[in-house]
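Colleague: Quick note: the sequence shown uses our numbering, first residue 11, plus one each step.
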Amino acid sequence: VGRGDVGSAIEMALEAKGVPTGRIDGWVVEKGTGISVSNVHVFAYRPGEAGPWLEWTTDVGEDAHPDGSFGGALPPGDWELVVHGEGRPTSKRVPVTVREGGEITVVLESPQPGSVEYDVVDTSGYRIPAKVTFFRADGATTRRPDLGDGYIGGNPAQVAFAAHGHGQVVLPPGDYYAVASRGPEYE
11 VGRGDVGSAI EMALEAKGVP TGRIDGWVVE KGTGISVSNV HVFAYRPGEA GPWLEWTTDV
71 GEDAHPDGSF GGALPPGDWE LVVHGEGRPT SKRVPVTVRE GGEITVVLES PQPGSVEYDV
131 VDTSGYRIPA KVTFFRADGA TTRRPDLGDG YIGGNPAQVA FAAHGHGQVV LPPGDYYAVA
191 SRGPEYE
């Protein structure tokens, strides 16, 4: 059902129920660079609500053009749009008004993430396979399971597996520390 995101499935349900709607089409670009951002989520909230009403994913389904596009139907009224992608800061809410039968075009910005490149080496300086877990230095939570980030016990910001002792992760800006481990078979 739908094209691979919640919004396209909800759109079909609204149409089947005969609910009046308007349409939002748009693009997500990275703030500061203008580069289109694929595979991030756009959430529609009713103003003041804590949880989203629906979600669209950029460049979802059979969309062969990685241009950060998203879109779908919403019932008429006031809405707030938020962009979230794992490893990226969540955007501020952007207010829009949907009119019955109307169409809105928006360009939303996704804040820039940070990036960490790392090497895990043994005492001789050779790269070794490892699991690297990144934690916020202040203990703050960066993952948002309510917005689609997977839950990871222990509150890490990110967990990476470096089969060849080298890797890169995307993280929201902030101070972090990393813990590299190899598992009990290497102890």
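Even for Gly, the Cβ is constructed at its ideal location relative to N, Cα and C.
Keep in mind it's a predicted model, so treat the numbers as computed, not measured.
Applying the criterion that 16 or more other CB atoms from any shown protein chain within 10 Å of the CB defines a buried residue, is Gln-178 buried or exposed?
Modeller: Start at 1 with the first residue of the sequence shown, and residue 178 comes out as number 168. Classification for Gln-178: exposed.
Colleague: Can you name, in chain order, every residue of its own chain whose Cβ lies under 6 Å from the Cβ of Phe-53, other than the five neighbours on each side?
Modeller: Here residue 53 corresponds to residue number 43 of the sequence shown, with the count starting at 1. So the qualifying residues of the chain are Pro-62, Glu-65 and Val-92.
Colleague: Output yes or no for whether 8 Å exceeds the beta carbon distance between Pro-139 and Arg-192.
Modeller: Within the sequence shown, numbered from 1, the residue matching residue 139 stands at position 129. Within the sequence shown, numbered from 1, the residue matching residue 192 stands at position 182. Result yes, Cβ atoms of Pro-139 and Arg-192 sit closer than 8 Å.
Colleague: Going by DSSP in three states, Val-16 sits in which element: helix, strand or coil?
Modeller: Here residue 16 is taken as the residue at index 6 of the sequence shown, counted from 1. Three-state DSSP puts Val-16 in a helix.
Colleague: Contact check, Gln-168 vs Gly-124 under 8 Å by CB: the rounded distance?
Modeller: Reading the sequence shown from its first residue, position 158 is the one you call residue 168. Reading the sequence shown from its first residue, position 114 is the one you call residue 124. About 11 Å separates the two Cβ atoms, so there is no contact after all.
Colleague: Measure the C-alpha to C-alpha separation of Pro-121 and Ala-26 and round it to an integer number of angstroms.
Modeller: Within the sequence shown, the letter at position 111 stands for residue 121. Within the sequence shown, the letter at position 16 stands for residue 26. For Pro-121 and Ala-26, the distance between alpha carbons rounds to 36 Å.
Colleague: Would Asn-49 and Asp-77 qualify as a contact pair, given that the criterion is a beta-carbon distance under 8 Å?
Modeller: Residue mapping note: residue 49 aligns to position 39 of the sequence shown, counting from 1. Residue mapping note: residue 77 aligns to position 67 of the sequence shown, counting from 1. No; because the gap between Cβ atoms is not below 8 Å, this pair is not in contact.
Colleague: Going by Cα to Cα distance, which pick from Glu-59, Thr-43, Gly-81 and Tyr-55 is closest to Ser-18?
Modeller: Against the sequence shown, residue 18 aligns to sequence position 8. With distances taken between Cα atoms, Ser-18 lies closest to Gly-81.
Colleague: Would you check if the distance between the CB atom of Gly-111 and the CB atom of Arg-146 is smaller than 8 Å?
Modeller: Position 101 of the sequence shown, counted from the start, is the residue given in the question as residue 111. Position 136 of the sequence shown, counted from the start, is the residue given in the question as residue 146. Against a cut-off of 8 Å, the Cβ pair of Arg-146 and Gly-111 comes out as no contact.
Colleague: Identify whether Glu-21 lies in helix, strand or coil by the three-state DSSP scheme.
Modeller: Taking the first residue of the sequence shown as position 1, residue 21 is located at position 11. Three-state result, Glu-21: helix.
Colleague: Report back the beta-carbon spacing between Val-117 and Trp-89 to the nearest angstrom; my notes put them in contact at under 8 Å.
Modeller: As a working mapping, residue 117 is identified with position 107 in the sequence shown. As a working mapping, residue 89 is identified with position 79 in the sequence shown. With a Cβ gap of about 16 Å, Val-117 and Trp-89 do not count as contacting.
Colleague: Which residues in the same chain have their Cβ closer than 6 Å to the Cβ of Ile-20, if we skip the five residues on either side of it in sequence?
Modeller: Taking the first residue of the sequence shown as position 1, residue 20 is located at position 10. Closer than 6 Å at Cβ, skipping near neighbours: Leu-64.
Colleague: Nearest to Thr-152 by CA position, among Thr-115, His-94, Glu-119 and Phe-171, is which residue?
Modeller: Numbered from 1 along the sequence shown, position 142 holds the residue referred to as residue 152. For Thr-152, the nearest C-alpha among the options comes from His-94.
Colleague: What whole-angstrom Cβ distance do Gly-14 and Thr-67 have, given they're in contact under 8 Å?
Modeller: Taking the first residue of the sequence shown as 1, we reach residue 14 at position 4. Taking the first residue of the sequence shown as 1, we reach residue 67 at position 57. Confirmed, about 7 Å.
Colleague: I'd like to know whether the C-beta atoms of Val-130 and Ala-190 end up nearer to each other than 8 Å.
Modeller: Stepping through the sequence shown from its first residue, residue 130 is reached at position 120. Stepping through the sequence shown from its first residue, residue 190 is reached at position 180. Their beta carbons are under 8 Å apart, which means Val-130 touches Ala-190 by this criterion.
Colleague: Figure out for me which residue from Gly-28, Val-29, Gly-36 and Asp-132 has the closest Cα to the Cα of Glu-113.
Modeller: For this step, residue 113 is matched to residue 103 along the sequence shown. Of the candidates Gly-28, Val-29, Gly-36 and Asp-132, the one whose C-alpha sits nearest the C-alpha of Glu-113 is Gly-36.
Colleague: Under 8 Å Cβ to Cβ from Asp-132, same chain only, skipping five residues before and after it: list those, please.
Modeller: The residue you call residue 132 lines up with position 122 of the sequence shown. Closer than 8 Å at Cβ, skipping near neighbours: Ile-138.
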